[in-house]
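Asks: Here the protein sequences line up with chains E and L, keeping their order. Just so we're aligned, residue 36 is where the first sequence starts under this note's numbering, counting upward by one. Just so we're aligned, residue 2 is where the second sequence starts under this note's numbering, counting upward by one.
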Amino acid sequence: MDFFSSVLHGFAVAFEWQNLVFCFFGVLVGTLIGVLPGLGPVGTMSILLPITYGISPVTAIIMLAGIYYGAQYGGSTTSILVGVPGEASSVVTALDGHQMALKGRPGPALGIAAFGSFIAGTLAIVGLMALAPPLASVALRFGPPEYFALMILGLVILTYLAQRSLGKALLMAAVGVVLGTVGLDNMTGMPRFTFGRSELLDGIDIAPLAMGLFGVSEILLNVERTIKKGVIIDKVKNLLPTRKDWVQAFFPIMRGSLSGFFLGILPGGGATLSTFVSYSVEKRISKKPEEFGHGAIAGVAAPESANNAAAQSSFIPLLTLGVPGNSVMAILLGALMIHGISPGPLMIQQHPDLFWGVVSSMYVGNVMLLLLNLPMIGIWIRLLRVPYGILFPLILFVALTGAYVINGNEMDLYLMLGFGVFGYLMRKFDYEPAPLILAFVLSPMLENAMRQSLVLSSGSLGIFVSSYISIGFLTMAALLLISSAMPALKKKRETFAATAEEEA
Amino acid sequence: MNAERVGGFFWLLVGLASISGAISLGVGTMSEPDSGFMAFVAGVLIVVLALSICVKSYMSGPSERTRLSELWSGLQWWRPIAICLLVLAFILVFDWLGYFISSLLMLTVIMRWLEDQSWVFSIVVPVVVVTATWLLFSKVLMINLPSGIFGL
Numbered sequence: 036m037d038f039f040s041s042v043l044h045g046f047a048v049a050f051e052w053q054n055l056v057f058c059f060f061g062v063l064v065g066t067l068i069g070v071l072p073g074l075g076p077v078g079t080m081s082i083l084l085p086i087t088y089g090i091s092p093v094t095a096i097i098m099l100a101g102i103y104y105g106a107q108y109g110g111s112t113t114s115i116l117v118g119v120p121g122e123a124s125s126v127v128t129a130l131d132g133h134q135m136a137l138k139g140r141p142g143p144a145l146g147i148a149a150f151g152s153f154i155a156g157t158l159a160i161v162g163l164m165a166l167a168p169p170l171a172s173v174a175l176r177f178g179p180p181e182y183f184a185l186m187i188l189g190l191v192i193l194t195y196l197a198q199r200s201l202g203k204a205l206l207m208a209a210v211g212v213v214l215g216t217v218g219l220d221n222m223t224g225m226p227r228f229t230f231g232r233s234e235l236l237d238g239i240d241i242a243p244l245a246m247g248l249f250g251v252s253e254i255l256l257n258v259e260r261t262i263k264k265g266v267i268i269d270k271v272k273n274l275l276p277t278r279k280d281w282v283q284a285f286f287p288i289m290r291g292s293l294s295g296f297f298l299g300i301l302p303g304g305g306a307t308l309s310t311f312v313s314y315s316v317e318k319r320i321s322k323k324p325e326e327f328g329h330g331a332i333a334g335v336a337a338p339e340s341a342n343n344a345a346a347q348s349s350f351i352p353l354l355t356l357g358v359p360g361n362s363v364m365a366i367l368l369g370a371l372m373i374h375g376i377s378p379g380p381l382m383i384q385q386h387p388d389l390f391w392g393v394v395s396s397m398y399v400g401n402v403m404l405l406l407l408n409l410p411m412i413g414i415w416i417r418l419l420r421v422p423y424g425i426l427f428p429l430i431l432f433v434a435l436t437g438a439y440v441i442n443g444n445e446m447d448l449y450l451m452l453g454f455g456v457f458g459y460l461m462r463k464f465d466y467e468p469a470p471l472i473l474a475f476v477l478s479p480m481l482e483n484a485m486r487q488s489l490v491l492s493s494g495s496l497g498i499f500v501s502s503y504i505s506i507g508f509l510t511m512a513a514l515l516l517i518s519s520a521m522p523a524l525k526k527k528r529e530t531f532a533a534t535a536e537e538e539a
Numbered sequence: 002m003n004a005e006r007v008g009g010f011f012w013l014l015v016g017l018a019s020i021s022g023a024i025s026l027g028v029g030t031m032s033e034p035d036s037g038f039m040a041f042v043a044g045v046l047i048v049v050l051a052l053s054i055c056v057k058s059y060m061s062g063p064s065e066r067t068r069l070s071e072l073w074s075g076l077q078w079w080r081p082i083a084i085c086l087l088v089l090a091f092i093l094v095f096d097w098l099g100y101f102i103s104s105l106l107m108l109t110v111i112m113r114w115l116e117d118q119s120w121v122f123s124i125v126v127p128v129v130v131v132t133a134t135w136l137l138f139s140k141v142l143m144i145n146l147p148s149g150i151f152g153l
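(1) What are the boundary residues of the alpha helix (DSSP H) that includes residue 78 of chain L?
(2) Measure the CB-CB distance between residue 377 of chain E and residue 472 of chain E and report whether it falls below 9 Å.
(3) Check residue 226 of chain E in the structure and name its three-state DSSP category.
(4) Please name the residue in E:414, E:254, E:273, E:330 whose C-alpha comes closest to that of residue 283 of chain E.
(5) Counting pairs of beta carbons, one from the stretch 62 to 74 of chain L and one from the stretch 405 to 422 of chain E, are three or more of them closer than 8 Å?
(6) So the candidates are E:475, E:490, E:450; which of them puts its Cα closest to the Cα of residue 243 of chain E?
(7) Taking buried to mean at least 16 other C-beta atoms within 10 Å of its own C-beta, is residue 355 of chain E buried or exposed?
(8) Which residues in the same chain have their Cβ closer than 7 Å to the Cβ of residue 461 of chain E, if we skip the five residues on either side of it in sequence?
(9) Terminal residues of the continuous alpha helix (DSSP H) containing residue 220 of chain E?
(10) Distance check for residue 124 of chain E and residue 535 of chain E, CA to CA, integer angstroms please.
(11) If you measure between the beta carbons of residue 112 of chain L and residue 90 of chain L, is that distance less than 9 Å?
(12) Can you check which of these residues, E:504, E:247, E:369, E:476, is closest to residue 457 of chain E by C-alpha distance?
(13) CB-CB under 7 Å to residue 201 of chain E, same chain, minus the five flanking residues each way: which ones, in chain order?
(14) Residue 66 of chain L bridges to which residues according to DSSP?
(15) On the three-pair Cβ rule with 8 Å, is the stretch 142 to 153 of chain E touching the stretch 170 to 180 of chain E?
(16) In chain order, what residues of the same chain have a beta carbon less than 8 Å from the beta carbon of residue 59 of chain L, not counting five sequence neighbours either side?
(17) Go ahead and pull the three-state DSSP assignment for residue 34 of chain L.
(18) For residue 540 of chain E, which option in E:126, E:69, E:91 has the closest C-alpha, if you only look at C-alpha atoms?
(19) Would the beta-carbon of residue 483 of chain E be found less than 8 Å away from any heavy atom of the ligand NAP?
(20) What does a CB cutoff of less than 8 Å around residue 316 of chain E pick up in its chain, not counting 5 residues either side in sequence?
(21) Would you check if the stretch 28 to 47 of chain L and the stretch 209 to 216 of chain E touch, i.e. whether three or more CB-CB distances between them fall below 8 Å?
(22) When you compare the CB of residue 78 of chain L with every CB in chain E, is at least one pair closer than 9 Å?
(23) Just checking: is the beta-carbon of residue 85 of chain L within a distance shorter than 9 Å of some beta-carbon in chain E?
(24) Taking the Cβ atom as the reference point for each residue, do residue 364 of chain E and residue 350 of chain E lie within a distance shorter than 9 Å?
(25) According to DSSP, simplified to helix, strand and coil, what is residue 162 of chain E?
(26) Anything in chain E within Cβ reach of residue 130 of chain L, meaning under 8 Å, just list it in chain order.
(27) Cβ of residue 425 of chain E less than 9 Å from any chain L Cβ?
(28) Examine chain L for any beta-carbon lying closer than 9 Å to the beta-carbon of residue 190 of chain E, and answer yes or no.
(29) Just the Cα atoms here: how many angstroms apart are residue 61 of chain L and residue 2 of chain L?
(30) Taking Cβ-Cβ distances shorter than 7 Å, what residues in chain E pair up with residue 148 of chain L?
(31) Listing by chain order, which chain L residues have their CB less than 9 Å from the CB of residue 494 of chain E?
(32) How big is the Cα-Cα spacing for residue 538 of chain E and residue 430 of chain E?
(33) Starting from the C-beta of residue 102 of chain L, find all residues in its chain whose C-beta is less than 7 Å away, skip the five residues before and the five after it, and write them out in chain order.
(34) So the alpha helix (DSSP H) residue 369 of chain E belongs to, where does it begin and stop?
(35) For residue 53 of chain L, would you say it is in contact with chain E, using Cβ-to-Cβ distances shorter than 9 Å as the test?
What follows is the structure, given as structure tokens:
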């Protein structure tokens, strides 16, 4: 199939009624959890994972993807109207968006966030369609050493960018690798770390692990403090930005889309990082940098465009290489594997319905989101008033139900509670769960690639530097680790992460 | 007690446990890595990183140190404990009372006693939500949920 017939085929799949329904459900839930602080896309996707068991893989991924990019839209609403980010990737939007709202312009702030997100999402999908197939053909040349090197790079980038303490992040990744080895060794059939429990022979299921680490631990952290709510701006008029707003926001949207797209592709990068980068770029090149932080529309347009573009482009490493770049993609990989699909370079050829259908559905989803977020803004504002005390018991109940129905055994409930407590304590002690979940999902692939490479080379580590591709990946990983030890760069990285944390 | 040090020693134990488990599984050789190889490599990494955290905790100045109790100071620390105990109780009675009754009880207890909602609210919301979920999974998706002694 050529490019255009593939795209047309994708739209035909996306417009099948069940895909439209689940796409709408996904973006609706995404917007909902984006608006409500306290439950992120990773937690929600893992809670809803069991629902996907009974539907086709294409429909399942369309719904889960919708939750992810829908959350980027919803997060901006809370950031602008309340000043408290609904999502980590909306932290930057709160800086200028809430100021605009306080100055009586919440409508244009919401409007430009939604239009910017729509434009960026659309551009990123075009980029994704154009870039993924050639990248997949390059990836066909990857053997076990190249895959091993790429996965190491992904883990290093994630730990480098997202954390205040690199050591703790690496430690979390190592713990994730150990957890990923639980169950039968797929090379020898030997049971590992199962403690005689037959329920653990297939390994730890990703759903109770992710629900515990992200969903339950978030609830436990939230209930011990009163969630601060700022002034909720509830009178929103004139959502359409003025001509002047468009003039000021056009180039920031374009630049935000571009930087978001490329940062999203990086394994370990993603939506949150792209918002910080695009905001700093706009502030630096602006003729009036003093307006930033006081209601500059470019300060809303650029990061909102960037986080949407990044949300779409972060699918590239997963769909072309089979390597999830962040924890959201790790959950998606888990969902694909449940359906017996291993994403990788051959996926576009073997499952064209899945690739082109999911990518085209993102376009459909973006249109749905625009309609959901602008005309229906009043509903979301009302939702912001629902107290957390009512929401969290319901979230907890849905999570418990979800954990049980996957395999129908109580062990998953204990695992979810256990990982919830573990995740809560980890966050208390300043350890982030994202590297753990990514390493957990990558662990079987990492182990296979490592063991196959060593068997092929009769134990020589030289095989990992035997091709330019793996040398390139490992050099980049090494440079990142070395640079993090340099005092000047280390300080810069820590300041960046600390700012993100304070603002969150 | 220094929080970083406590964390460091905890991970040290986890790393050592991983190494010991890996050795009993069989680490193999470089040319023929066995089932415990990966867990061994990861365990060694955990031990090295945990040791570095412990060492750092001894070398850091008093201003950089966080005491264990400070992690919970000014917070309602008993609320997460109460929720965990309630969820544990839910799991323990899950088979005996069945999905419907145990879910209803858990939600009502959290909403009434932990969140101080009115009796009416704490009963009506759980009944509606649990019934809807039960119908969805049990009747629509035909998933077996424990019915317990009441057969619900």
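Built from N, CA and C at the ideal position, the CB exists for glycine as well.
Replies: Checking against the coordinates, here is how it stands:
(1) Note, residue 78 of chain L: premise wrong, no alpha helix (DSSP H); not H, not E.
(2) no
(3) strand
(4) E:330
(5) no
(6) E:450
(7) buried
(8) 468
(9) From DSSP, residue 220 of chain E is part of no alpha helix (DSSP H); its letter is neither H nor E.
(10) Only weak support exists for where residue 535 of chain E lies, its pLDDT of 45 falling under 50; the coordinates are left without a value.
(11) no
(12) E:247
(13) 194, 195, 519
(14) Answer is none; residue 66 of chain L lacks a bridge partner.
(15) no
(16) 6
(17) strand
(18) This structure cannot speak to residue 540 of chain E, because chain E is shown only from 36 to 539.
(19) Ligands in the displayed structure: none, and consequently the ligand NAP is not present.
(20) 290, 294, 337
(21) yes
(22) yes
(23) yes
(24) yes
(25) helix
(26) 429, 432
(27) yes
(28) no
(29) 14 Å
(30) Result: empty, since nearest Cβ-Cβ is about 13 Å, beyond 7 Å.
(31) 30, 31, 32, 33, 34
(32) Since pLDDT at residue 538 of chain E reaches only 36, below the 50 mark, its modelled position is unreliable, and no value is offered.
(33) 149, 151, 153
(34) 362 to 373
(35) yes
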